[in-house]
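See below for the structure under consideration.
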Amino acid sequence: MVNATVLLLIPLLPALGALINGLRAAASPLTPKNRAVTNVIALGSTGLSAILAAWTVIAYVGGGASAAFQHAYYTWIPAGLGHAAGNTIASFAVDFAFRIDALSCTMLLIVTWVGFLIHVYATGYMAHEEGYTRFFTYLNLFMFMMLLLVLGANYMVMFVGWEGVGLCSYLLIGFYYDKNFAADAGKKAFVANRIGDFGFILGVFLIFNTFGTADFGKVFALASAHPQAYAGIATTICLLLFVGACGKSAQIPLYVWLPDAMAGPTPVSALIHAATMVTAGVYMVVRSNVLFRLSPDAMLVVATVGAVTAIFAATIGIAQNDIKKVLAYSTVSQLGFMFLAAGVGAFTAAIFHVMTHAFFKACLFLGAGSVIHGCGGEQDMRKMGGLRKYMPKTRMTMLIACIAIAGFPPLAGFFSKDEILATTYEHHGFLYFLGMVAATCTAFYMFRLYFMTFSGDYRAAGVVGYPESEPEHAGHDVIPGSLHLDDGDVHSDKAHGHHAEAHTPHESPWSMTGVLWILAILAVIGGIVGIPQMLGGTHPTIFQRWLLPVLLPLGGEHFEFAEASRMQEALLIASSVAVAFLGWLLAYVLYKKDAAFARATRMATRFAFFHRLLENKYYVDEFYNFVFVGGTLAFSRALSWFDANIIDGIVNGVRNLTVVVLGHGSWLFDRFIVDGAVNGVGFSARGGSRFFRRMQSGFVQNYALVMGGGIVLIAAVYLFTKP
Amino acid sequence: MNYILSITLWLPVAAAVILLFFPKTAASAIKGFGLLASLATFVASLGILNGFHEGVAGLQLTESLAWIPQWGIRYALGVDGISLWLILLTTLLTPVVFLSSWNTIHKHPKEYVIAFLIMEAAMIGVFVASDLLLFYVFFELTLLPMYLVIGVWGGANRIYAAIKFFLFTIAGSLLMLLGIIYLAFAHFHDTGVLTFTITELYGTTLAPHAQVLLFFAFALAFAIKVPLFPLHTWLPDAHVEAPTGGSIILAGVMLKMGTYGFLRFVLPFFPDATAKYAGLLIALAVIGIVYGALVAWVQPDMKKLVAYSSVSHLGFCVLGIFALNQTSIEGSILQMVNHGLSTGALFLCVGVIYERRHTRLLADYGGLAKTMPVFATFFIIAMLSSVGLPGLNGFIGEFLILAGSFQTWPRATIVAATGVILAAIYLLWLIQRVFFGPITKEENKNVREIAWNEVVALVPLVVLMVWIGVRPNVFLRKMTPSVQQLLQIVHKTDAGKAMIAGVGRRVSGVGDQNRPHEAMLRPPTPDPRLPLSGGVR
């Protein structure tokens, strides 16, 4: 049986760690001893939290794992909607409550364990950073918020975590706050997320209004008890919630913040912007699967946005030269796959992909971090190459992760991606086609990354002739609240790295490579739980059966686990492998066989228009900046002018008029009779345009006089009429 | 009889009187005494909290003495769930002001401390008076010390700002005075009893047209105080010129006298007119939310930015009040307190750097996080509270307001909710310009880190932000019965009944698992009463 106190400790321990380290961060200088204390607090709290999480999951599985375990700790917001006058509407309250079921267990393990591994990695990666303790404060705070998000038993507790991880993301992206691009990127992330949260919270209001509660269990029970009744409103609710998911999980049109978020230290990119936080939107949609299944329209929107994002981001990924940018667009694309899965009803496949993606993408990001670390802060792949010689462990683990994400069997990514594509094929031919193209691009850009980084010779000076990126937005000045970023050249996130010297790449310390190996192994074996019957697994797969209770209302199993014919299944698997191979082949021909990238250069020049379009990310940032930021800003400036000149002008006009009409009359009176008496009040008569000020101050004096006179009058009446 | 209200009310006055006998030059003694007196007042106000009975709806801890019996004017005090937290907010913020200005006020320290003590008493008086005329006296009395604070200790253009502040607010309240007298006489006409006691006046029947006129007379006074768009232009000027302490009190407490006035007088005195014109006020509130936020975004001056953010935030309070349901009004009262804490802290923080750098222009800053990391942390927490981050206080208030108003005014609520996005934009912009990026100005390289007195002033505010965010129920449940009673009065009217019937139809049946009400099947139908169809977009 799950223990509620232990459950509460899982998020509270990192919160405590954040609090202690936060207080220490201000006071203590960065001595080796202090760093050790920081490590003990940060790693101790997350490690213990991970152990308790495992213990909780074991206890839950041991208890049969059929019904959700839920515990309310206290009434958080008594949102009494009750109306008094005769209308007895049951008032409701929002509890601070946690929920443990198969879905939250899965996320719990991913978050705590991948989170812990990345903490370990960061002790090596961040070792030379000035804000070491501050970094771990934020990282622990993030763990707390993320755990609230996945453990919350209602939309409100979830929303606390939801916005909380956004805050931590803001703080960590802007970790190098003295760099403008980092501060800009942090703000952009927060604002884009806020736009999403606007939709989310409206969705929650509508849930409150419709169901009278925000509790998952109650909402879904009501919805599945009366599917006809709620079908209409479910569309609106789901679309609003999905706006929130688009913000958090970087989907079109709100994805623009994620690539810029790479300004944060690499462990942050791995933890927040690949493995955990950005998958929160997928988690939320799967969590709300009962509502989504009520609305085919909303499902179609989710699937379409997911598929379009997947291919859109994947195409951008093939033309980026910054190693982290490639991974960032890859993440956006993979998240698109997850939403595609959810949208076609393959909710378990979505979560399965969340899991496998957490393994291989964390491994890729941390591997990239290791490369950046080893190359003295360099992020431009054109200035890498040949690193297999210098960093064999990093190279090996990254290769494994590349194979996994490209979708080669029998690694983890193959099973989850195949399940997504197979289900999509069942439901929607065109989206399937988009997914296949995106999958090809994925294999291509990943192996392009691998070959550019690890094969050939080390070329610190860059590649001659290979298309240089043009400086974007040169001479751009800062505008308030601009969502805009990117001053063109590649920014290293290692602001305080040991760069600039003539540098021989070196392998990273064991704290980093050890973590890489663990993640690489997980990327190999993580797919075991999802092996389809065709390839020797079961139907439904182990993972599907595990998540089944979360999907049960409304007959989830029929929705999801339709059995395809053997022939069809075999063909689908074969074509999945084929596109992965095709992507690899392209990368091999362009970037491995031809170390000078002459072919790639030729391609880029021949299709210069497309190349520039992709390299500049379809100019979406520019478009947003011009239309939305620029438009709102211009409107705000106009309003500000209106405020200062029209509204205040009217006010001053009324005053002037009054001064002219009344002031003149009272001025004489004021001048000769009142002045002496009320000098104490009217401090104002000195300096400046004496006459005009005199007029104004005259009013205050007059008013004081009226007030004083009134009091005298009242006193007089009082005395005279006293009985 | 319990005299705790009188004690709290008169303690600062007594202290001010004693201060008169202090020598002008003993600055430290004067400030120390002022701080002590304000702390003693705070302790006394804790006595109010202690004596407050949670389940009671009406006024408690009442005191009543004849003041001018011929006219039925009484010295009548009382507290209920609506005023309780505002009193505590007042008594909390006054010592915060004294602490934060410990090292910044060199000119006339004695007068400064006296002005703030008198102001504190007057503000407490506003919240505890249960006689209309007594209320009016306190309401006007708050103006004089604030006028002096801005006019004497303010910035370069202080005279203009002080006078504008004074005249603008006076203009509104004079009409209200007429309204008060009319109301008392209407009651006299009905019953033959001349009284200004609020509870006795509640039942006064008014001719419809009279009710409308009185509604606007009162609403104008309070709308200026809040300030509601388009009556807000005195606020940025007053804030920019006011010294830090003045801004803290002005934004922290004085603006709430307007929203409090709506709740205490406008709603229960004129329920028909309220129900009839709620749409107008909601429209103005929603415009104010968006307008204030957008204008705040482009202000080059930090204080102006925070001042316009107040216009936006107070719009939420007014929206909550005129959405006329339990959730939104409780949220609105809580948000008054929240705004006092967060904007009080923001003005305090702006004061901290102004005092060191003597500029309020955002362009003169940048990179301060490097030189003042502890201060940056406080500023960011205050910002997050203001932005409405869940887990902190601002979120609870905004959530309750919007969740409540969404039931009655869904479209207006959607527009209002964009204010939450905009708040993030302008406040993050503020933070970024001040703290992030490289240090570009030589003067910013050696700015002194936050001092002990400033930390001590900020810590209680931060603690409360977290406390309210995590355990709002502690604060909310004391309001519930009073708000319920207030709504009973409002909803007794015909218009009010129609309003609840409309809401009830939409929400009833919720929680009934066996019988989905037919009304639940529809998305909230567009409300014919919504005035926003063309106005705000």
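Those protein sequences? They're chains A and B, same order as listed. For what it's worth, the numbering used here labels the leading residue of the first sequence as 1, then goes sequentially. For what it's worth, the numbering used here labels the leading residue of the second sequence as 724, then goes sequentially. By construction, the Cβ of each residue, glycine as well, lies at the ideal position given by its N, Cα and C atoms. If you're wondering where the values come from, they're calculated on a predicted model, not measured in any experiment.
* First and last residue of the alpha helix (DSSP H) that includes B:L857? -> 855-864
* Asked: Would you report the Cα separation of A:G17 and A:K187, rounded to the nearest angstrom?
  -> 25 Å
* In chain order, what residues of the same chain have a beta carbon less than 6 Å from the beta carbon of B:A946, not counting five sequence neighbours either side? -> Counting only Cβ-Cβ distances below 6 Å, and skipping sequence neighbours, we find L954.
* To do: Would you give the residue range spanned by the alpha helix (DSSP H) that A:R99 belongs to?
  => For A:R99, there is no enclosing alpha helix (DSSP H); the enclosing beta strand (DSSP E) has its first and last residue at 94-100.
* How about A:F208 and A:A214: do their beta carbons lie closer than 8 Å? -> yes
* Asked: Candidates A:L241, A:G527, A:M567: which alpha carbon is nearest A:V301's?
  -> Residue nearest to A:V301 within the set A:L241, A:G527, A:M567 is A:L241 (criterion: CA-CA distance).
* Cβ shell of B:E1283 (< 6 Å), same chain only, five flanking positions each side left out -> Because chain B here runs from 724 to 1260, residue 1283 of chain B falls outside it and cannot be looked at.
* So which residues of chain A does B:V1143 contact, with C-beta pairs closer than 9 Å? -> For B:V1143, the neighbours in chain A by C-beta distance under 9 Å run, in chain order, R194, D197, F198, I201.
* Start and end of the beta strand (DSSP E) containing B:I791? -> It spans 783-791 - the beta strand (DSSP E) in which B:I791 sits, taken as one unbroken run.
* From the DSSP output, in three-state form, read off A:N154 for me. => strand
* What does B:V766 reach in chain A if we use C-beta pairs closer than 7 Å? -> Within 7 Å Cβ-Cβ: nothing; B:V766 doesn't reach chain A, min ~28 Å.
* From A:A270 to B:V875, what does the alpha carbon distance come to, in whole angstroms? -> 56 Å
* Any Cβ of chain A within less than 8 Å of the Cβ of B:F1102? -> no
* **Contact list for the region 949-982 of chain B against chain A, Cβ threshold 9 Å** => F952, P953, L954, H955, T956, W957, P959, D960
* Asked: A:F205 lies in the alpha helix (DSSP H); which residues open and close that run?
  -> 180-211
* In chain B, which residues lie with their C-beta within 9 Å of the C-beta of A:A26? -> P1096, V1097, T1100
* For B:Y835, I'd like the list of residues in its chain whose CB is within less than 7 Å of its CB, leaving aside the five on either flank, ordered along the chain. => I828, W876
* Asked: Whole-angstrom Cβ separation of B:G902 and B:A940, contact assumed at under 8 Å?
  -> Rounded, the Cβ-Cβ distance is 4 Å, consistent with contact.
* Asked: Taking Cβ-Cβ distances shorter than 7 Å, what residues in chain B pair up with A:T75?
  -> In chain order: N1196.
* Could you tell me which residues DSSP puts in a beta bridge with B:I697? => The requested residue 697 of chain B is not part of the displayed model; chain B covers only 724 to 1260.
* To do: Below 7 Å between beta carbons is the criterion; list the residues of the region 598-614 of chain A that meet it against any residue of chain B, in chain order.
  => Cβ contacts with chain B come from no residue of the region 598-614 of chain A.
* Taking Cβ-Cβ distances shorter than 7 Å, what residues in chain B pair up with A:I647? -> P953, T956
* Local conformation of B:L951 per DSSP, three classes -> coil
* Asked: Expressed to the nearest angstrom, what Euclidean distance is found between the alpha-carbon atoms of A:A234 and A:P553?
  -> 15 Å
* Asked: Nearest CA to the CA of A:G536: which residue from A:A185, A:R566, A:I100?
  -> If we check each option's Cα against that of A:G536, A:R566 comes out closest.
* To do: Please compile the residues from chain A whose C-beta is within a distance smaller than 7 Å of the C-beta of B:V1018.
  => S636, L639, S640, D643
* Exposed unless 16 or more other CB atoms sit within 10 angstroms - verdict on A:L9 -> buried
* Taking buried to mean at least 16 other C-beta atoms within 10 Å of its own C-beta, is B:I1173 buried or exposed? -> buried
* Could you name the residues of the region 1020-1050 of chain B whose beta carbon sits closer than 8 Å to any beta carbon of chain A, in the order they occur along the chain? => W1020, V1021, Q1022, N1048, Q1049, T1050
* Asked: For A:R395 and chain B, any beta-carbon pair shorter than 8 Å?
  -> no
* Closest by C-alpha distance to B:F952, when choosing among B:W733, B:H1036, B:A998 -> B:H1036
* Asked: How far does the beta strand (DSSP E) with B:R797 in it reach, from first residue to last?
  -> That run of the beta strand (DSSP E) goes 796-802.
* Going by the beta-carbon positions, is the gap between A:Y177 and B:A1092 smaller than 8 Å? -> yes
* Residue-level contact to chain B via CB, A:G435, 8 Å cutoff -> Closer than 8 Å to the CB of A:G435 there is not a single CB belonging to chain B.
* **beta strand (DSSP E) segment containing A:Y73, residue limits** => 69-77
* To do: Alpha carbon to alpha carbon, how far is A:H226 from B:Q1236? Give it in angstroms, no decimals.
  => Caution applies to B:Q1236, whose pLDDT of 37 falls short of 50 and renders its modelled position unreliable; the value that the coordinates give is listed next. In this structure, the alpha-carbon of B:Q1236 lies about 8 Å from that of A:H226.
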